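The numbering of the sequence shown is the working numbering, which starts it at 1 and goes up by one.
Take a look at the structure set out below.
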Amino acid sequence: MCVLQLLSNKRIQSFQNVRDEEVGLLIKSIKDSSSETVNLRHLFAALSNNIVCRIALGRTFEEDGFCVDKDGIKVVILDMFAAGTETTSTTLEWIMAALIKSPEVMFKLQNEVREIGKGKLKIEDSDLVKMPYLKAVIKESLRLYSPTPLLARQAREDVTVLGYKIKFQTRVNINAWALARDPTLWDCPEEFKTKRFFDTTADYKGLHYEFLPFGAGRRGCPVIQFRMTVVELALANVLNVFEFTLPGGRNSEELDMASSFGINVTKKYPLLVIAKPYK
Numbered sequence: 001m002c003v004l005q006l007l008s009n010k011r012i013q014s015f016q017n018v019r020d021e022e023v024g025l026l027i028k029s030i031k032d033s034s035s036e037t038v039n040l041r042h043l044f045a046a047l048s049n050n051i052v053c054r055i056a057l058g059r060t061f062e063e064d065g066f067c068v069d070k071d072g073i074k075v076v077i078l079d080m081f082a083a084g085t086e087t088t089s090t091t092l093e094w095i096m097a098a099l100i101k102s103p104e105v106m107f108k109l110q111n112e113v114r115e116i117g118k119g120k121l122k123i124e125d126s127d128l129v130k131m132p133y134l135k136a137v138i139k140e141s142l143r144l145y146s147p148t149p150l151l152a153r154q155a156r157e158d159v160t161v162l163g164y165k166i167k168f169q170t171r172v173n174i175n176a177w178a179l180a181r182d183p184t185l186w187d188c189p190e191e192f193k194t195k196r197f198f199d200t201t202a203d204y205k206g207l208h209y210e211f212l213p214f215g216a217g218r219r220g221c222p223v224i225q226f227r228m229t230v231v232e233l234a235l236a237n238v239l240n241v242f243e244f245t246l247p248g249g250r251n252s253e254e255l256d257m258a259s260s261f262g263i264n265v266t267k268k269y270p271l272l273v274i275a276k277p278y279k
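Below you can see the structure in the form of structure tokens.
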């Protein structure tokens with residue numbers, strides 16, 4: 001129900017004004033703290049939560065719509081918040097951290113974004129299709145820093161894999177993190193190399209099993225399109241407007257990229273930055 005009513009491509013496009021308004025508020029929040037230390041984790045979480053709240057809870061009454069009981073409402077809200085908020089904000093934080101850690105990638109991406117956004121007040125959804133480097137940066141960040149490293153599944157039948165017998169209905173975990181860093185599948189897998197996604201057809205939609213940040217098949221993440229639309233729009237606008245440095249005069253090499261493991265993998269320490277408007 002959640003996928004059909006709120007997460008179809010048509011519905012996602014219809015929420016463009018919500019995304020635009022909330023990204024605008026994100027930009028304002030950063031500007032209001034210009035030259036001060038900004039906690040991007042908190043701001044990205046607020047962005048994700050606000051968008052999901054407005055989409056899931058802010059709909060007007062439809063006379064000819066179908067009736068949803070209390071349990072159904074709970075399921076919709078849980079689906080949207082579990083899949084659409086924390087993972088979205090975590091993805092944004094990891095991408096920004098990876099960019100700050102790699103100044104040359106940041107420079108190249110900002111050049112692309114600012115060239116497309118020249119003379120505009122803001123980056124719009126229609127501009128994103130003209131930004132191949134932005135998409136490559138996001139994919140490489142998802143490869144190295146996927147928020148969901150383990151994909152829980154259940155065996156549909158008895159099967160033997162690499163000599164191991166797995167019984168029907170056995171719970172199994174697919175290690176997507178290990179696949180994305182496997183040296184037999186990726187060249188220099190521990191390095192942040194955006195070029196690799198110009199040299200391969202690998203995408204995050206579950207068709208390439210070496211790269212599964214959102215899972216695959218019927219159990220794949222239902223909010224891929226929603227999540228990536230928010231990530232691309234927010235990232236492009238933030239990079240278009242601001243220059244980022246680390247507090248205390250630290251250089252990019254000093255940024256701690258340690259992880260905190262759980263159901264989702266987040267940065268161990270929140271990403272704190274100094275944001276100055278680009279002139």
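In this text, a Cβ means the ideal position worked out from N, Cα and C, and glycines have one as well.
From a predicted model like this one, the values you see are computed outputs, not experimental measurements.
Which partner residues of residue i appear in the DSSP bridge assignment?
i: K267; result: S259
i: E243; result: K276
i: N17; result: Answer is none; N17 lacks a bridge partner.
i: Q154; result: R171
i: K165; result: T160
Is it buried or exposed, residue i, if we count other Cβ atoms within 10 angstroms and call 16 or more buried?
i: L92; result: buried
i: P267; result: The residue asked about is misnamed: residue 267 is Lys in this sequence, not Pro. It counts as buried.
i: L121; result: exposed
i: G117; result: buried
i: K167; result: exposed
i: E190; result: exposed
i: E140; result: buried
i: S35; result: exposed
i: E22; result: buried
i: T60; result: Interpretation of T60 is limited by its pLDDT of 38, a score under 50 that renders its predicted location unreliable; the figure taken from the coordinates is listed afterwards. T60 comes out exposed.
i: T156; result: Per the sequence shown, residue 156 should be read as Arg rather than Thr. So R156 ends up on the exposed side.
i: E63; result: Bear in mind that a pLDDT of 45 at E63, under 50, signals an unreliable position, so the number given afterwards is only what the model happens to contain. That one is exposed.
i: I27; result: buried
i: F226; result: buried
Between residue i and the rest of its own chain, which residues show a CB-CB distance below 6 Å, the 5 nearest in sequence each way excluded?
i: P213; result: L142, S146 and Y204
i: I123; result: G117, A236, N237 and N240
i: S252; result: I100, K101 and P103
i: K165; result: none
i: W280; result: With the chain running from 1 to 279 in the structure shown, residue 280 is simply not present.
i: I224; result: F214
List the whole-angstrom C-beta distance separating residue i from residue j, where the pair is believed to meet the contact cut-off of C-beta under 8 Å.
i: L239; j: L128; result: Not quite, the Cβ-Cβ distance comes to about 12 Å (not below 8 Å), so this is no contact.
i: T148; j: T87; result: 7 Å
i: L151; j: G249; result: Not really, about 41 Å apart at Cβ, beyond 8 Å.
i: T229; j: R19; result: 7 Å
i: A98; j: F192; result: 6 Å
i: V231; j: I138; result: 6 Å
i: E112; j: L144; result: Wrong, their Cβ atoms sit about 20 Å apart, outside the cutoff.
i: V105; j: T194; result: 6 Å
Take residue i and list the residues in its own chain whose beta-carbon comes closer than 7 Å to its own, dropping the five residues that flank it on each side.
i: M96; result: L40 and L271
i: F242; result: I30, A275, K276, P277 and Y278
i: A202; result: H208, E210 and F211
i: K108; result: Y133
Quick one: residues in its chain with C-beta nearer than 8 Å to the C-beta of residue i, no 5 flanking neighbours on either side, listed in chain order?
i: F198; result: P132 and A136
i: N264; result: E86, T87, T90, P147 and T148
i: A258; result: K267, K268 and Y269
i: V273; result: T37, V38, L40, M96, I100, F244, T245, L246 and P247
i: N173; result: L150, L151, A152 and R153
i: S260; result: T266, K267 and K268
i: T170; result: Q154 and A155
i: G119; result: none
> Can you give, in chain order, each stretch of the alpha helix (DSSP H) that sits fully within the segment 22-64 and has at least 4 residues?
Replying inline: 40-57
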